[in-house]
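Here's the structure we're looking at; comments come further down.
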Amino acid sequence: MDFSFNDEQQMLLDSTRRFIAERYDFEHRNHVRATADGWSRDVWKQFGELGLLAINIPEADGGIGAGSVGTMLVSNAMGEGLLLEPFLSSAVLATHAIVQLGSAQQRGDWLPALATGESIAVLAHDEASTRFDVMHIETQAVRSGDGWRITGRKSLVYHAPAANLLLVSARVDKEIGLFAVPTDAAGVTLLPRTTVDEQRAADIVLDNVAAAASARLGEDVREALQVVLDQGLAALCAEAFGAMDRILAATIEYSRSRVQFGVPIGSFQALQHRMAEMLMHLEQARSMSYLATLRCTDTDPVARRTALSAAKVLMGQAARYIGQQAVQLHGGMGMTDELEVSHYFKRLLAFELRCGTTDEHLAVYHQQIR
Amino acid sequence: MDFSFNDEQQMLLDSTRRFIAERYDFEHRNHVRATADGWSRDVWKQFGELGLLAINIPEADGGIGAGSVGTMLVSNAMGEGLLLEPFLSSAVLATHAIVQLGSAQQRGDWLPALATGESIAVLAHDEASTRFDVMHIETQAVRSGDGWRITGRKSLVYHAPAANLLLVSARVDKEIGLFAVPTDAAGVTLLPRTTVDEQRAADIVLDNVAAAASARLGEDVREALQVVLDQGLAALCAEAFGAMDRILAATIEYSRSRVQFGVPIGSFQALQHRMAEMLMHLEQARSMSYLATLRCTDTDPVARRTALSAAKVLMGQAARYIGQQAVQLHGGMGMTDELEVSHYFKRLLAFELRCGTTDEHLAVYHQQIR
Amino acid sequence: MDLDFSTVELAFRDEVRQFLAAELPADIRDRIVRGDHSHVREDTIRWQKILHAKGWGAPAWPVEFGGTGWSKTQQYIFETECALADAPAQLAFGIKMVAPVLMRYGSTEQQNRFLPRIRAADDWWCQGYSEPGSGSDLASLKMKAERDGDEYVLNGQKAWNTLGHFADWIFCLVRTDSSAKPQKGISFLLIDMKTSGITVRPTKLLDGSFEVNEIWFDNVRVPVTNRVGDENEGWTYAKFLLGHERTNIAGIGWSKRELRRLKSDSAKVSKDGRSLLEDPVFGGRIAQVEIELTALEITNMRVIFDEAAKKAPGPEASMLKIRGTEIMQRISELQMELLGASALAYAHDSDDSRATASYLNLRKLTIFGGSNEIQRNIIAHMILKL
Amino acid sequence: MDLDFSTVELAFRDEVRQFLAAELPADIRDRIVRGDHSHVREDTIRWQKILHAKGWGAPAWPVEFGGTGWSKTQQYIFETECALADAPAQLAFGIKMVAPVLMRYGSTEQQNRFLPRIRAADDWWCQGYSEPGSGSDLASLKMKAERDGDEYVLNGQKAWNTLGHFADWIFCLVRTDSSAKPQKGISFLLIDMKTSGITVRPTKLLDGSFEVNEIWFDNVRVPVTNRVGDENEGWTYAKFLLGHERTNIAGIGWSKRELRRLKSDSAKVSKDGRSLLEDPVFGGRIAQVEIELTALEITNMRVIFDEAAKKAPGPEASMLKIRGTEIMQRISELQMELLGASALAYAHDSDDSRATASYLNLRKLTIFGGSNEIQRNIIAHMILKL
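Taken in order, these protein sequences are the chains called S, A, Z and P. Under my numbering, read the first sequence as residues 1 to 370, first letter to last. Under my numbering, read the second sequence as residues 371 to 740, first letter to last. Under my numbering, read the third sequence as residues 741 to 1126, first letter to last. Under my numbering, read the fourth sequence as residues 1127 to 1512, first letter to last.
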């Protein structure tokens, strides 16, 4: 039992935080989200230089291999800063998929460019049909000569507009296959969307898209893909924890400075008890973020799935309570676009809905324990 | 739309309250519950003299016919005083059953003695099997000569030890029949129980109990029995409302007089908001008690069932919140047998569990609206 | 005791329904259904003029001022039916807020000048109460009005002004005596929004909408004749108004309409071979909120019944505000949860985002109009006497 | 970072499990399982003597006082395993409360006299802190101790004294100086319960049980040598003790055991062709509380880890107390709800009533030991600095 971080981990956290503090304050973020892309290529490049995009690439593949704890800490910082770049999408989800499913050739082809940030990949898995069964996809890949033809529709893939490479899951008979498809391949249409947490995404229509035999990663990826999704979920939890931590701090700070009836509103007992409750949600959420991080690579699928689902349920509920109360305690100011609080609130709302909602994960958890 | 009571109704409430204030204070109640019977025959006799036991007997049958509003108001007062007598069991449930299902002969035979209090009847319906389906009983009545033989087991019939007459529901082929059985009939065994709200009850074992043909009330009573149970539920809701009203008043009073840190604890905002929340539960509960009262005789079964189940759900939740918070706000004193608060708390707990729990009624309600 | 509407009231309800079916323009209704706020000003005015033509422009006003003479119950039926029919809400600031103050405390001249134009939707009114430093603690407001001959000269700032960017007139609380206790020294002024020195800056809200404004007053000159009642007695009028703001505070009509929508939408989403409406967990939550709404509807009618007897709104309205807004927020949560991950895609002016936009926007319900914390204080102090 | 116990810790856990399997008397275990409190005194003493014989009588004490030298984690494992095995709880008043005070502030003579007898269960200790007028506001306590030569003369009343009707000794906070500020002027005394002038009156609780007492002191004479530390400095020792009372405050072991029972019991109740454990609504609630317990277990381990680093319990323990007691109460609610109407029949000493008795009795958890409201104040003031 050890809740400390080693020196490398602490350094990763500190350096990411320092970068964000220096280069990505709230004003800069407002600027970034107003750009056409909605994220910063410049920041992305610097992430590459700092090595942040290589933390999920094993040292053997030329990466840093910081493990799930390293990813947690970097994600914490990203959540604290409400960053808009495709870190989770490309440097966690897609990178894990390639590392774990790719052949030596594929890893060699794609990982170096992902590590520098030259290349951005996203995992295109979710569909309308995956809501209550995350592996129930309808996109199909059929053999065509040596290769494949893929047809289907993927829902709201975060950062797809930024990506040059899509990792598309598709049914191959009764198996699930994963295929690398360039975003500009013929038959690929991106329908851009903005998300409620101000990130860029797209629905992706695949109309008889050709993929070479070499574009397929692994064989039946059902089990492995679930591991990748769980690793992504752990990182998402860590990101959400960073946002929760900051929105509570902002609320406490606001309650100390906002004066009504001649006293700071933080002196009212009803609000004090509310903030105490928020803190308890936060600390329980921190515990579950740790659990998600340390179990997302567990080889026992039941231990892994129950841990991840438990984390998503508890943290989703914490996100809702903390987010709603933060807005409430900020009063009218909490309703405005002007303060950070509403942006944290929306990030936490997106967290609730992403990668399986609270309800969906509670059902998964219940299924495992009964 | 009219939320006022007419003069007769107001008088019924006032006189019942006056009687209880004068004859049934908390000290007297403690005395009564310590007696062997656990309720007072003396008080019961006076109820008869006051006419309270005749309010559910139509004028045509020699009663008062005060209707469901009258029953609500008397039940309110009974709940306020935490009375231990079989008013709900005999003067509401059993009386309604006889009035609505009995022949002229049966009504003439039984109602006069119920009205004076000489006779006490209880409805023996619930069984272990009725939990998730209130009409799923397993007690059977089989023909035997001109009459019947009844075998089965009834669960926790409130006030059965006080009754001289049992109204027993039993399956007759695919119908449900209702049979009047004297408590001292051969084959009837009462297993006495005390309830969590300090009332007396019994499990009833019926072992081949003989009942004459004339002992059967009505034919297939499935529909009519549901109406009777709903009328009983409305009265139970009214009783619970009386208890909620008093436990909140006691809590507010306590918070005004209990001094800690040099001030009354009622001056602490966190506790003030808690009591405001209790009041809202109380007022919502009052509305639902009205709804239950005014719909329990509705001829549209769906309107009746949804109203009654909705009332039980909301009032059960109100009972839990108000009861738990009342104990909490009384601190250690709330845990003792000495103050009234714990006895109200237990009455409200029993309310949650009686006549279908909150969960069971929410499922019934959901079934109706979906 | 009777929970049901009388035959007369039922006939009235039918009349309102028929009127709505015949007169509510389809394009307006359609925008309400889709949650499209792009034509709020035009739609509100058009609908108010239709109501006015029918003689229903100001339901709660006394007949002598052009009101309907309806009972409180009829007013409740009218508002609920309008909401259920997806009609736009009438603009409260004129009809429900400044008008009762004018009728009670205004001069005959003020009444003649302003009331007919409010009823006919000729003037759009807004409210200037809150300031950046005075939200829950309204009496601490600082905006100054200094007497200069027949005029007041106003300097200061108002905040959380709803829909003032459309307004012709604003009623303001201003400080005319800084030496007195906070509640003393406040006056109630009527101000033409075209007066020079007024700057309106819309505040962008978290859902991307623009509903509220900051308003700056820089040496704005207002005739003393535009003061309602006595100088320094504005707090009395403000409290009177806050009491009247409470009509329909529980939002029963809105909640019934949106709950109906939630049920019909959830019946279309399938999970494990049955709909989410039938699902024990999700459907159970719908059942729960429907039960709470049923209770609140009766509680609301009880308050109406009591008010009709006592002739004045009491602190019970705080309960309606708290429970009503909780239920509205709960319904909006369930509408969003119904969508699952689909709620993630967001554009505040898109039909698809209606549920998410509503969830975001309705966070305001427990903050504005006297936060729910303030309402709980009111209950504790005024009802529980703590 | 590592969430798992080390190999050494796992081996220790196995050792504890083996010990419990071999040494916990079946009849004692059986009474715990059935919720039978009729032999609390004998069972607690018998079990303590077994632990003492093994050398585990006082796990948290330093080795020089006869403790085990276990790490905080080992202590946690020990307590959790004991609870999971349905062992009786060790009596906290001696081992966890007065003993740390004696070790820190007591004289060598006091240590030698009392500590071995505590460990060996030769003395049953109880606590005299609260008074009828001093619950949450402990510092307002009034019980007087007046110096008379080598003795104090005590007059006053203590309340909410847990299990004092079994006690040989009581440690009391008494007022030795009424002129000082409330926190000053309090002294910490050790009192033989056989001293003349002490009257113990058990308080009947709402579940029918007798756990707590009122104790009257009528000219009770206590040697000055039974005072711990300095006169008028008792508040310092009391605060130190309150900090130490927090071990196992979250009740993880109890909750895990009772949740296990809830799951196995609910798997046996059938509804609509499946068990209540499988039921989406009821089973979903079990899942929910299990998730919260999982989180609290980790939070508890984090606090233990931090304490081991800082060497002192902090205000974080307030969080463990609040969430821990909420979870315990929630589990007891679900156990009662599982029974449905069967929970109505009640006799506080009957096996059938275990769930209902537990529900009733556990209302105390959020009241005693520093109410959850007081804990929230502590969090607001000490952690959030509000």
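C-beta atoms are modelled at their ideal positions from N, C-alpha and C, and glycine is treated no differently.
Segment contact flag, the segment 1035-1054 of chain Z with the segment 999-1007 of chain Z, C-beta cutoff 8 Å, min 3 pairs: Short answer: they don't touch.
First through last residue of the alpha helix (DSSP H) which encompasses E1235/P: Taking the first residue of the fourth sequence as 1, we reach residue 1235/P at position 109. If you look at E1235/P, you'll find it in the alpha helix (DSSP H) that goes 1234-1245.
Residue-level contact to chain P via CB, E283/S, 8 Å cutoff: In the first sequence, counting from the first residue as 1, residue 283/S sits at position 283. For E283/S, the answer is yes, since a Cβ of chain P falls inside 8 Å of its Cβ.
Counterpart residues of Y624/A in DSSP-defined beta bridges: What you label residue 624/A is simply residue 254 of the second sequence in a count that begins at 1. Paired residue(s): none; Y624/A is not in a bridge.
Short CB-CB distance (under 8 Å) between V1407/P and chain Z: On the fourth sequence, residue 1407/P is found 281 positions in, with the first residue counted as 1. By this cut-off, V1407/P is an interface position.
Backbone CA spacing between G1232/P and L1315/P [nearest angstrom]: Taking the fourth sequence and counting its residues from 1, one reaches residue 1232/P at position 106. Taking the fourth sequence and counting its residues from 1, one reaches residue 1315/P at position 189. Using only the alpha carbons, I get a separation of about 11 Å.
Burial state of D958/Z, where buried means 16 or more other Cβ atoms lie within 10 Å: Position 218 of the third sequence, counted from the first residue, corresponds to residue 958/Z. Exposed, by the Cβ-count rule.
Within the segment 858-891 of chain Z, ranges of the alpha helix (DSSP H) (whole runs, at least 4 residues): Entirely contained in the segment 858-891 of chain Z, not one alpha helix (DSSP H) run reaches 4 residues.
Short-range partners of chain S found in the segment 1099-1119 of chain Z, where Cβ spacing is below 9 Å: From the segment 1099-1119 of chain Z, only Y1099, L1100, N1101, R1103, K1104, T1106, I1107, F1108, S1111, N1112, E1113, R1116, N1117 have a Cβ closer than 9 Å to chain S.
Neighbour flag for Q324/S against chain Z, beta carbons, 8 Å: As a first step, residue 324/S must be located in the first sequence, where it is residue number 324. For Q324/S, a Cβ of chain Z is located within less than 8 Å of the residue's own Cβ.
Interfacial residues, the segment 486-500 of chain A to chain P, with Cβ spacing under 9 Å: Residues passing the 9 Å Cβ filter: D496, A498, T500.
Host alpha helix (DSSP H) of E450/A (start-end): Counting from 1 along the second sequence, the entry for residue 450/A is found at position 80. Element bounds for E450/A: 437-450.
Sufficient close CB pairs (3 or more, under 8 Å) joining the segment 358-368 of chain S to the segment 415-422 of chain A: Pairwise C-beta distances place the segment 358-368 of chain S out of contact with the segment 415-422 of chain A, as fewer than three of them are shorter than 8 Å.
Cβ-based neighbour list, H700/A, same chain, cut-off 6 Å, excluding 5 preceding and 5 following: Walking along the second sequence from the start, residue 700/A turns up at place 330. Excluding residues within five positions, the ones whose Cβ falls inside 6 Å are Y624, V711.
Short CB-CB distance (under 8 Å) between R354/S and chain Z: Mapped onto the first sequence, residue 354/S falls at position 354. Chain Z contact via Cβ: present.
Straight-line gap, A1225/P to S1132/P (C-alpha atoms, nearest Å): Locating residue 1225/P in the fourth sequence gives position 99, where the first residue counts as 1. Locating residue 1132/P in the fourth sequence gives position 6, where the first residue counts as 1. Each residue's alpha carbon lies about 30 Å from the other.
Selection of the segment 4-17 of chain S by Cβ proximity to chain P, strictly under 9 Å: Listed by position, the residues of the segment 4-17 of chain S near chain P (Cβ gap below 9 Å) are S4, F5, N6, Q9.
Alpha-carbon to alpha-carbon, S539/A and R548/A: Position 178 of the second sequence, counted from the start, is the residue given in the question as residue 548/A. Position 169 of the second sequence, counted from the start, is the residue given in the question as residue 539/A. Note that residue 548/A corresponds to Leu in the displayed sequence, not to Arg. Using only the alpha carbons, I get a separation of about 4 Å.
Chain Z contact for M78/S (CB, 8 Å cutoff): Within the first sequence, numbered from 1, the residue matching residue 78/S stands at position 78. No, because no Cβ of chain Z sits closer than 8 Å to the Cβ of M78/S.
Near-chain Z residues of the segment 402-428 of chain A (beta-carbon distance less than 8 Å), N- to C-terminal order: Within the segment 402-428 of chain A, no residue places its CB atom closer than 8 Å to a CB of chain Z.
Residue-level contact to chain A via CB, I992/Z, 8 Å cutoff: The residue given as residue 992/Z occupies position 252 in the third sequence. It does not; no Cβ of chain A falls within 8 Å.
Within-8 Å CB hit, M648/A to chain P: As a first step, residue 648/A is located in the second sequence; it is residue number 278 there, counting from the start. Taking 8 Å as the threshold, the shortest C-beta distance from M648/A to chain P does not fall below it.
Through-space distance from G983/Z to P922/Z, alpha-carbon basis: Translated into the one-based positions of the third sequence, residue 922/Z becomes position 182. Translated into the one-based positions of the third sequence, residue 983/Z becomes position 243. Rounded to the nearest angstrom, the two C-alpha atoms are 20 Å apart.
Contact the segment 1178-1194 of chain P vs the segment 1212-1230 of chain P: 3+ CB pairs below 8 Å: They touch, by the three-pair rule.
Interfacial residues, the segment 61-85 of chain S to chain P, with Cβ spacing under 7 Å: V69
Whole-number beta carbon distance between G1323/P and K1284/P, since they are thought to touch under 8 Å: The residue labelled residue 1284/P in the question sits at position 158 within the fourth sequence. The residue labelled residue 1323/P in the question sits at position 197 within the fourth sequence. Going by Cβ atoms, the distance from K1284/P to G1323/P rounds to 13 Å, so no, they are not a contact pair.
Ordered list of alpha helix (DSSP H) runs contained in the segment 240-323 of chain S, each at least 4 residues: 269-295
Test: M705/A CB closer than 8 Å to a CB of chain P: Within the second sequence, the letter at position 335 stands for residue 705/A. Chain P contact via Cβ: present.
N-terminal and C-terminal residue of the alpha helix (DSSP H) that D1153/P is part of: For this step, residue 1153/P is matched to residue 27 along the fourth sequence. That run of the alpha helix (DSSP H) goes 1152-1160.
Proximity test, Cβ basis, 8 Å: A640/A and chain S: As a working note, residue 640/A is residue 270 in the second sequence. Output row for A640/A: interface = yes.
Contact belief for V181/S with V172/S at Cβ below 8 Å, rounded distance in angstroms: Your numbering for residue 181/S matches position 181 in the first sequence. Your numbering for residue 172/S matches position 172 in the first sequence. So it is not a contact: roughly 14 Å between Cβ atoms.
Sheet register partners of V1326/P (DSSP bridge): Within the fourth sequence, numbered from 1, the residue matching residue 1326/P stands at position 200. Per DSSP, the beta-bridge partners of V1326/P are I1341/P.
Cβ of Q226/S within 8 Å of any chain Z Cβ: Your numbering for residue 226/S matches position 226 in the first sequence. For Q226/S, the answer is no, since every Cβ of chain Z falls outside 8 Å of its Cβ.
Buried or exposed by the 16-neighbour rule on C-beta atoms within 10 Å, applied to M1122/Z: Along the third sequence, one-based indexing puts residue 1122/Z at 382. Classification for M1122/Z: exposed.
Under 8 Å between C-beta atoms of T465/A and I520/A: As a first step, residue 465/A is located in the second sequence; it is residue number 95 there, counting from the start. As a first step, residue 520/A is located in the second sequence; it is residue number 150 there, counting from the start. No, these two residues do not count as a Cβ contact at 8 Å.
Identity of the residue in E1037/Z, T1096/Z, G1080/Z, T1106/Z nearest A326/S by Cα: Taking the first sequence and counting its residues from 1, the one referred to as residue 326/S is at position 326. Comparing Cα positions, the closest option is T1106/Z.
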